[in-house]
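Contents: one structure, followed by commentary.
In this note's numbering, the protein residues as written are 20 to 242.
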């Protein structure tokens, strides 16, 4: 019974996710599902990315949290269009939540939508939100063994951002060994080493984002 219920939940979620995907790509909006542990620096990276790309793309954010609206308020104060979703204890966003949020966003005035998922390395991997890309963010203080501990999330990723590289001299995170480990389970994903604090590596990350936006636009134009 439990297995059937889970299958029904995932099936219903996937149907809504596909509706989200058609709506967003139809409007040439690239949605990026950002997944990570709590405290990895997702919001700081988003703010850095907005600063890097503000002259090139119109960016909005869906903020997912168990409770509070601290991150959405921080983004709004910085001039970013942001919608808060509180899951009320849930460990991930789902496609229905995102669908509801889309109705409150200026879709005709957007190019990129960052969906900041709830901080968790397990739950978000099982739920399609209708995104165009999945990106995992890992901060150096978390340790370099996470791809082996949470393989589902890391094998799904289109890109991995190693954040807080400014702390590398102070933590036991071997970037070279980590890169080898990650590429052993996901050879196709892009890998970026950045510091949300100093801005190091954000330009390369931002270029990848814009390159993928161009691919989406080219794909839609050719159809």
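Note that the Cβ used here is the ideal one computed from N, Cα and C, for glycine as well.
For residue i, collect the residues of the same chain with a Cβ closer than 7 Å to its Cβ; drop the 5 residues on either side in sequence, then sort them by chain order.
i	result
residue 175	144 and 153
residue 50	43, 132, 134, 149, 150 and 151
residue 53	61, 133, 134, 135, 136, 154 and 156
residue 225	68, 71 and 72
residue 218	67
Using a Cβ-Cβ cutoff of less than 6 Å, which residues in the same chain neighbour residue i once the five nearest sequence positions on both sides are dropped?
i	result
residue 197	163
residue 69	78 and 99
residue 37	none
residue 101	80, 82, 91, 94 and 95
residue 216	185
residue 227	209
residue 193	163
residue 89	none
Are the beta-carbon atoms belonging to residue i and residue j less than 9 Å from one another?
i	j	result
residue 180	residue 160	no
residue 60	residue 204	no
residue 214	residue 56	no
residue 211	residue 223	yes
residue 58	residue 138	yes
Could you say which of the options lies nearest to residue i if we only look at CA atoms?
i	options	result
residue 209	215, 231, 192 and 219	231
residue 126	200, 80, 54 and 214	80
residue 109	122, 238 and 141	141
residue 19	124, 200, 45 and 104	For residue 19 there is no data in the structure shown, the boundaries of the chain being 20 and 242.
residue 117	173, 147 and 202	147
residue 221	183, 120, 173 and 103	183
residue 177	192, 26 and 202	202
residue 111	193, 237 and 172	172
residue 238	30, 45 and 26	45
With a CB to CB cut of under 8 Å and the five nearest residues on each side skipped, what residues in its chain are close to residue i?
i	result
residue 229	72, 75 and 76
residue 206	none
residue 87	105
residue 188	none
residue 120	81, 102 and 104
residue 107	85 and 86
To the nearest whole angstrom, what separates the beta carbons of residue i and residue j, a pair I think is in contact under 8 Å?
i	j	result
residue 32	residue 84	Actually they do not touch by this definition, with Cβ atoms about 19 Å apart.
residue 235	residue 47	7 Å
residue 115	residue 28	At roughly 10 Å, the Cβ-Cβ gap does not stay under 8 Å, so residue 115 and residue 28 are not in contact.
Can you confirm whether residue i, when its beta carbon is compared against all beta carbons of chain B, has any partner nearer than 9 Å?
i	result
residue 139	The chain inventory of the structure shown lacks chain B, comprising one protein chain alone.
Any heavy atom of the ligand MN within a distance shorter than 8 Å of the CB on residue i?
i	result
residue 90	As presented, the structure is devoid of all ligands, the ligand MN included, so that no description of it is given.
* To do: Please confirm if the region 128-137 is in contact with the region 164-178, defined as three or more CB-CB distances below 8 Å between the two stretches.
  => no
Open item on the list: Measuring CB atoms only, is the region 61-69 touching the region 85-97, in the sense that at least three cross pairs come out at less than 8 Å?
Closed with: yes
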